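Single-structure report; data block below.
What follows is the structure in structure tokens.
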């Protein structure tokens with residue numbers, strides 16, 4: 001299993017500012033994933049954070065808007081830049097464990113509201 | 116575009132009622148189907164990972180079935196309790212994980 005500490009748990013931000021979300025895992029993992037759930041929508045993968053290389057972004061998500069850092073195998077940050085009300089969502093980090101990478105563990109999420 | 120659909124979107128039941136909801140997913144390139152339970156302000160918690168057609172899994176009062184040929188899975192809760200109130204997510208794993216929108220369950224005492 002894996003225990004993930006994610007913070008902040010919630011924040012209210014002004015338009016145009018940025019928010020950085022941190023995730024700390026209690027074990028070393030190769031890949032960490034960042035998801036977003038907009039109101040009424042599915043959990044959607046933003047990017048995969050790899051240690052030692054640039055993150056891999058999904059279609060519709062770009063590095064300038066969602067820069068990611070992965071300085072070591074237990075930690076990652078996601079920044080949501082130039083905030084707009086459309087960025088109001090729950091953001092989750094996650095890791096996969098298991099021989100076949102079949103088990104996905106999540107942080108407790110960051111509830112972001114943009115005014 | 117791969118779609119994973121969950122129904123209903125929300126469900127309100129009385130304590131003691133049994134309930135079930137559906138996850139529909141693509142029937143091709145199937146590797147696994149995941150069910151998660153997500154309480155507000157907590158981490159989504161893995162309930163089941165199902166890989167074989169016809170699979171049935173059970174955890175306490177919660178059980179799930181899987182039909183990969185027709186692309187659906189059912190989640191059943193027997194004798195719902197207020198602590199079962201949460202959003203239940205399914206996720207289809209072909210290459211990547213694709214989540215449904217979730218079913219929000221509210222159990223009234």
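Chains as they are written, first to last, in our numbering: chain A, 1 to 115; chain B, 116 to 224. Where is the CB? At the ideal position from N, CA and C, for every residue including glycine. Here the structure is a predicted model, which means the values were calculated and not measured.
Chain D contact for residue i (CB, 8 Å cutoff)
i: residue 40/A; result: The chain labelled as chain D is not found among the protein chains of the depicted structure, namely A and B.
Environment of residue i [buried if 16+ CB atoms lie within 10 Å]
i: residue 115/A; result: exposed
i: residue 91/A; result: buried
i: residue 195/B; result: buried
i: residue 159/B; result: buried
i: residue 109/A; result: buried
i: residue 127/B; result: exposed
i: residue 3/A; result: exposed
Residue i - DSSP class collapsed to helix/strand/coil
i: residue 120/B; result: strand
i: residue 87/A; result: helix
i: residue 11/A; result: strand
i: residue 136/A; result: It is not possible to answer for residue 136/A, since the shown part of chain A is limited to 1 through 115.
i: residue 185/B; result: coil
i: residue 58/A; result: coil
i: residue 198/B; result: helix
i: residue 135/B; result: strand
i: residue 130/B; result: coil
Straight-line gap, residue i to residue j (C-alpha atoms, nearest Å)
i: residue 57/A; j: residue 63/A; result: 7 Å
i: residue 70/A; j: residue 97/A; result: 18 Å
i: residue 252/B; j: residue 203/B; result: Because residue 252/B is not part of the residues shown, which for chain B are 116 to 224, the question remains open.
i: residue 80/A; j: residue 131/B; result: 43 Å
i: residue 36/A; j: residue 46/A; result: 7 Å
i: residue 220/B; j: residue 125/B; result: 6 Å
i: residue 27/A; j: residue 1/A; result: 9 Å
Kindly confirm or deny that the region 130-148 of chain B and the region 185-200 of chain B touch, where touching means at least three C-beta pairs closer than 8 Å. yes
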